[in-house]
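Numbering of the sequence shown is given in the working numbering, commencing with residue 2 and proceeding in unit increments. We treat Cβ as the ideally placed atom computed from N, Cα and C, and that holds for glycine. In this text, all values refer to a predicted model and were calculated from it rather than measured experimentally. What follows is one structure encoded as structure tokens, with my remarks underneath.
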Amino acid sequence: MAPDAAVRALVEDGITACKGAFPRAWVEDLREDMMTAFWDAIQRPGGAVGRGPRRWYVEAHPQAFRGFVDLVTHPWITALCEAVLGPDYEIVEIGLDVPFQGAQYQPWHRDFPAPPASYEQHRITSLAFNLTGVDVTPDMGPLEVAHGTQWEAGLDWQAGMFPPDSEFPRYEARAVRKYPQAGDVSCRSALTIHRGTAHGSPVARPVLVLGVDAPGAGHAALHDLTVTPDFHAALPESVRRHLVCRVVDRLEPIVQKHQIEGLAMGAKA
Numbered sequence: 002m003a004p005d006a007a008v009r010a011l012v013e014d015g016i017t018a019c020k021g022a023f024p025r026a027w028v029e030d031l032r033e034d035m036m037t038a039f040w041d042a043i044q045r046p047g048g049a050v051g052r053g054p055r056r057w058y059v060e061a062h063p064q065a066f067r068g069f070v071d072l073v074t075h076p077w078i079t080a081l082c083e084a085v086l087g088p089d090y091e092i093v094e095i096g097l098d099v100p101f102q103g104a105q106y107q108p109w110h111r112d113f114p115a116p117p118a119s120y121e122q123h124r125i126t127s128l129a130f131n132l133t134g135v136d137v138t139p140d141m142g143p144l145e146v147a148h149g150t151q152w153e154a155g156l157d158w159q160a161g162m163f164p165p166d167s168e169f170p171r172y173e174a175r176a177v178r179k180y181p182q183a184g185d186v187s188c189r190s191a192l193t194i195h196r197g198t199a200h201g202s203p204v205a206r207p208v209l210v211l212g213v214d215a216p217g218a219g220h221a222a223l224h225d226l227t228v229t230p231d232f233h234a235a236l237p238e239s240v241r242r243h244l245v246c247r248v249v250d251r252l253e254p255i256v257q258k259h260q261i262e263g264l265a266m267g268a269k270a
């Protein structure tokens, strides 16, 4: 989808996508890097946090991914960031969400509370890009997205993120299940209401998450991107000026700051 059309889809539906953005060989490397990061993190306290039964989220260092520069310089991604978030957009998060067989429905939720700029002015201040590591099939717990919900204020919701059960039928009526294929990239407002569904397949479904903010959105405080001096120096200048990170002599294991308690137990029975 062309960037102009993608922006319109974001405004109307809260989500859009670019089919076949990356070749399958590139995605195979990404899947390998994601699973390596997962198995490393799951062994450390605070390394992988629960997003429901048999589902985890892992924050990672940018240099854990061989294709990091390819990702953040992809023309569709950069064009969307500039058009929606402005020329000084900030890359604040990279990680992965991994459901395994036995993962259950999540409650409907958004990634964090809505700022006034969104529910009063209809401005998108944060984008979440997702890349699947596999071809998603119906038994792989596909993401469900309630189109057009990104502008809801949610001021009386639990933590500003979890709408009450009474709203669930309305979201289910709007819900669209997503079946991306390896190489596709999706982009949504981080406020669009969504949930993971039940995962019955024996094949894990790792999904890369790239979080990008408009200046002042403030979500970098929930994360802590760190890179080594040699990696930072080798980045194109166009990437360095957008990457909100610390440059450290040695990478340390990440203990995650952004834990979403409402997702830990999965959906209510």
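Spatial distance of residue i from residue j (CA atoms)
i	j	result
T138	P46	32 Å
E145	P165	17 Å
R9	A84	11 Å
F130	T150	17 Å
A221	P237	21 Å
A176	D250	46 Å
A270	Q105	For A270, the predicted structure reports a pLDDT of 41, less than 50, and the residue's modelled location is therefore unreliable. The matter cannot be settled from this model.
L11	W109	19 Å
Q159	E168	13 Å
A235	K179	36 Å
A118	T126	8 Å
L86	T193	16 Å
A26	W152	37 Å
V256	M35	17 Å
H123	A154	10 Å
Y120	P181	29 Å
S239	P76	12 Å
Proximity below 8 Å, CB of residue i to CB of residue j
i	j	result
A191	F69	no
H224	E91	no
G96	E60	yes
I78	V186	yes
R196	G15	no
T133	V245	no
F39	V135	no
Q107	R55	no
A42	G48	yes
V93	V204	no
H62	L211	no
L81	A7	yes
A115	G53	no
Y172	A147	yes
Classification of residue i by the beta-carbon crowding that lies within 10 angstroms, buried from 16 upward
i	result
E29	exposed
Y58	buried
V73	buried
L156	exposed
A215	buried
R32	buried
P24	exposed
A3	exposed
A174	exposed
Residue interval of the alpha helix (DSSP H) (run including residue i)
i	result
H233	P230 to A235
D41	R25 to A42
S239	E238 to R241
V8	P4 to D14
Span of the beta strand (DSSP E), counted from its first residue to its last, around residue i
i	result
R189	V186 to S190
L209	V208 to D214
V59	R56 to E60
G201	Taken as a continuous stretch (DSSP letters only), G201 belongs to no beta strand (DSSP E), as it is neither H nor E.
H220	Counting along the chain, H220 falls outside any beta strand (DSSP E), and DSSP gives it neither H nor E.
F196	Sequence check: residue 196 is Arg here, not Phe. Segment H195 to G197, the beta strand (DSSP E) holding R196.
| message | My parser needs the alpha helix (DSSP H) runs of 4 or more residues fully inside the region 69-118; what are they? | response | If we require 4 residues or more, the alpha helix (DSSP H) runs fully inside the region 69-118 come out as 69-73 and 76-86.
| message | Please give me, in chain order, every unbroken run of the alpha helix (DSSP H) with length at least 4 that falls completely inside the region 123-181. | response | 169-175
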